[in-house]
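Top line first, the protein sequences correspond to chains A and B. Residue numbers for the first sequence follow our numbering, so the first one is 410 and each next one is one higher. Residue numbers for the second sequence follow our numbering, so the first one is 4 and each next one is one higher. Structure first, commentary second.
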Amino acid sequence: DAGVIQSPRHEVTEMGQEVTLRCKPISGHDYLFWYRQTMMRGLELLIYFNNNVPIDDSGMPEDRFSAKMPNASFSTLKIQPSEPRDSAVYFCASSLAQISGDTQYFGPGTRLTVL
Amino acid sequence: KNQVEQSPQSLIILEGKNCTLQCNYTVSPFSNLRWYKQDTGRGPFSLTIMTFSENTKSNGRYTATLDADTKQSSLHITASQLSDSASYICVVSPLSGNTPLVFGKGTRLSVIA
C-alpha cells in the first residue's frame with residue numbers, strides 16, 4: 410500500500426479564497442482523521458470519521474471549516490473563506506480500528522500558506 | 004484536563020552521543036503511550052508503543068520507558084546519528100476507545116557532525 414496520500418503538498422492562497430485539501434486513506438482502514446499542526450499548538454485534531462461518518466468535529470475551529478468523506482477512499486477538508494491564521498500544516502491520518510487503541514498512519518501533510 | 008508536556012523543547016547533540024527526551028502526562032486512565040518521530044516535511048510515524056503495564060520498549064537504538072505511577076515516560080536514543088534529527092512526539096491514548104489521542108508538542112532534536 411502507498412500509505413495515506415494527501416494533495417496538494419503545498420498550497421499558497423490569498424485571504425478570502427476557498428481552499429480544498431484532499432486525502433486518500435490506507436485501504437481497509439475504518440477511521441480517518443484530520444489534524445492541524447502549528448509550532449505554537451502542536452498537533453490538533455480537527456475532525457474524525459468512522460466508516461465515512463463524521464463522529465467528532467468539536468476540533469473544527471469555525472464554520473469556515475468543513476470536512477466530507479463521500480466514500481471509504483476519499484476525504485476533503487475545505488476552508489472558505491481562508492484567513493492568514495489558517496496557515497499551518499494539515500495532516501490526514503487513518504487507522505484500522507479504534508480511535509485511540511490502534512496506530513494512526515499519517516500522510517505527508519499539506520502546507521497551507523494564506524497571504 | 005488531559006495534557007502531555009514534553010521537555011526539552013529543543014536539543015542539539017553531537018553525532019554519536021546519547022540523549023533522553025522526557026514526557027509527563029496527566030491522562031488517566033490510559034491504555035497506551037506512543038512515541039512518534041516526525042522528520043522535517045513529513046508526517047509523524049510510530050516508533051514505540053507501550054501499554055500501561057509495560058515499563059520499557061526498544062526499537063533499535065530507541066528505548067522508551069514508562070512509569071505509570073509518576074506519569075512519566077522517556078525516550079532514550081543511543082549512539083545518535085544525523086538521521087535522528089527530527090521532532091519526537093509523545094502521544095497518550097485515553098482508556099476510553101472513543102476519546103481522541105492527546106499529543107505533546109514535541110521535542111526538536113538536531114544531531115550535528
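Backbone N, C-alpha and C define an ideal beta-carbon position, used for all residues, glycine too. Model, not experiment: these values are computed from the prediction.
Inter-residue spacing [alpha-carbon to alpha-carbon] between residue 498 of chain A and residue 56 of chain B: 34 Å
Buried or exposed by the 16-neighbour rule on C-beta atoms within 10 Å, applied to residue 489 of chain A: exposed
Cβ contact check for the region 38-53 of chain B and the region 85-101 of chain B: 3 or more pairs under 8 Å: yes
DSSP state of residue 495 of chain A mapped onto helix, strand, coil: helix
Beta-carbon contacts of residue 487 of chain A that lie in its chain and below 6 Å, excluding the five residues immediately before and after: 429 and 475
Segment limits, beta strand (DSSP E) that includes residue 83 of chain B: First-last for residue 83 of chain B: undefined, no H or E at that position.
Partners in chain A for residue 107 of chain B, counting only beta-carbon separations shorter than 8 Å: 451
C-beta neighbour in chain B for residue 515 of chain A, strict 9 Å: yes
7 Å CB neighbourhood of residue 517 of chain A in its chain, flanking five on each side removed: 415 and 418
Under 9 Å by beta carbon: chain A residues contacting residue 52 of chain B: 512
Residue span of the beta strand (DSSP E) that contains residue 416 of chain A, given as start and end: 414-416
Within-9 Å CB hit, residue 502 of chain A to chain B: yes
Inter-residue spacing [alpha-carbon to alpha-carbon] between residue 1 of chain B and residue 13 of chain B: Nothing about residue 1 of chain B can be reported from this structure: the residues present for chain B run from 4 to 116 only.
Sequence-distant residues of its chain with Cβ nearer than 6 Å to residue 51 of chain B (five each side left out): 38, 60, 62 and 67
Residues that residue 518 of chain A contacts on chain B, provided the C-beta gap is smaller than 9 Å: 44, 45 and 46
Helix, strand or coil at residue 15 of chain B according to DSSP, with G and I counted as helix: strand
Beta-carbon separation (whole angstroms), residue 505 of chain A vs residue 423 of chain A, contact threshold 8 Å: Actually they are not in contact, since the Cβ atoms of residue 505 of chain A and residue 423 of chain A sit about 39 Å apart, beyond 8 Å.
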